[in-house]
Amino acid sequence: MAQGLTRDIAERFAGIALSHVTREYPHKPGIVFAGPDDLRAPSAMHPVFHGSFDWHSCVHGYWLLARLLRLYPGLGRAGEIRALFDRQLVPEKVAGECATIDAPAARGFERPYGWAWLLTLAAELRGAEQARWGGALAPLTERIATRFADFLPIAPYPVRVGTHFNTAFALRLAADHAEGAFLDLLRERALAWYGTDADCPAWGEPGGDDFLSPTLIEAEALRRLLPPDRFRPWFDRFLPRLTEGRPASLFTPALATDRSDGKIAHLDGLNLSRAWCFRALSRALPADDARRTAMDEAADRHLAAAMPHLTGDYMGEHWLASFALLALEA
């Protein structure tokens, strides 16, 4: 039976995220230092998102907590989550985040991965209880959304790697926040970048430090951004041999050989993100479509390979649960 999100799993995930979203060290900075005055402690540069090893992981750690709080308001650790948000998601701390990214040298800070996660967090904070925290975050959300919208028209080519720079992943997450002209822009870029792709061989997958499948996340972005009557013909052309288990490289879980190595640990995330995409894409097809069985079975294999390894070493522990949540909810 396919594994899904349960109350017990939610409790575990909340505990994992609460253990690291305010853990300041070790820390990997993503900012460009323009001079010696920029050398500050992570919590001074990022008053809200200074934990979880790096800025983007901290952002999606908050997303995980916000989502679990909405899904399970009576969660055992709900009080800790609310207290954290009341302490951190406040105007003065968000203003400090804004000041850091407003620096001229920070124009490309976290583009596009961290941008997409910030917008996803903002979308999650639209709920009734979460609205007060979303309101506090709004100045940063508005800056990131503007930066994203300004960037897309000047980006003539997609980035098709399996890491943070992947543009399809950014489009997919940003779509959960976007409305109106911004959503139209995301859709236009998706079609310009990927609309004519066909018969994808998934060549080079997986790479040694991938946590995304360039093939599957592209398909998932198009699924999210296109109406079904436009997505399904595109998907038929893009991956025409799924019932044959091809491209074969997509159907075999990746092997992480050293989870203390931050790059190799990415491969556990690849298994989780593949499971997420396989599940979401399967559910976009008719119930009697034979491709659903192939994709659902592949998702189960990838989940089974990754779920035992969400904790144990901080190189994976500071981020993997967010991707596990995506997969379990899909």
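Counting in my numbering, the sequence shown runs from 43 upward without gaps. No residue lacks a Cβ here, since even glycine has one placed at the ideal position from N, Cα and C. Just so it is clear, the structure is predicted and the values come from calculations on it, not from any experiment.
(1) With respect to the alpha helix (DSSP H) encompassing S324, which residues constitute its N-terminal and C-terminal limits?
(2) Would you say S255 and S315 are within 8 angstroms of each other, going by their C-beta atoms?
(3) From F373 to Y236, what distance separates their C-alpha atoms?
(4) Would you tell me roughly how many angstroms separate the C-alpha atoms of E359 and G249, rounded to the nearest one?
(5) For Y155, which of helix, strand or coil comes out of DSSP?
(6) Between the Cα of W2 and those of V132, L281, L268, R189, spot the shortest distance and give me the residue it belongs to.
(7) Going by the CB atoms, is the gap between Q45 and L345 shorter than 8 angstroms?
(8) Does G93 pass the burial test, meaning 16 or more other C-beta atoms within 10 Å, or should it be called exposed?
(9) Ignore the nearest five residues each way along the sequence and tell me which others in F273's own chain have a CB closer than 7 angstroms to its CB.
(10) Assess, as a yes-or-no matter, whether the stretch 302-321 is touched by the stretch 338-353 under the definition of 3 or more beta carbon pairs within less than 8 angstroms.
(11) Suppose the cutoff is 7 angstroms on Cβ atoms and the five residues either side in sequence are ignored; what does the same chain contact list for S302 look like?
(12) Taking the straight line between their C-alpha atoms, what separation do you get for L213 and W276?
(13) Look at the alpha carbon of G72 and the alpha carbon of M87, and state the distance between them as a whole number of angstroms.
(14) Which class does I73 belong to by DSSP, given the choice of helix, strand or coil?
(15) Which runs of the beta strand (DSSP E), 3 residues or longer, sit entirely within the stretch 112-165?
Well, looking at it:
(1) 308-324
(2) A Cβ-Cβ contact shorter than 8 angstroms links S255 with S315.
(3) With the chain covering only 43 through 372, there is no way to say anything about residue 373.
(4) 21 angstroms
(5) helix
(6) For the chain, the structure presents residues 43 to 372; residue 2 sits outside this window and is missing.
(7) yes
(8) Per the 10 Å Cβ criterion, buried.
(9) L264, R265, A326
(10) Taking one beta carbon from each stretch, the stretch 338-353 and the stretch 302-321 have 3 or more pairs nearer than 8 angstroms; the two touch.
(11) D355, M357
(12) Cα to Cα, the separation comes out at about 17 angstroms.
(13) Between G72 and M87, the alpha-carbon positions lie close to 11 angstroms from each other.
(14) coil
(15) The stretch 112-165 contains no whole beta strand (DSSP E) run of 3 or more residues.
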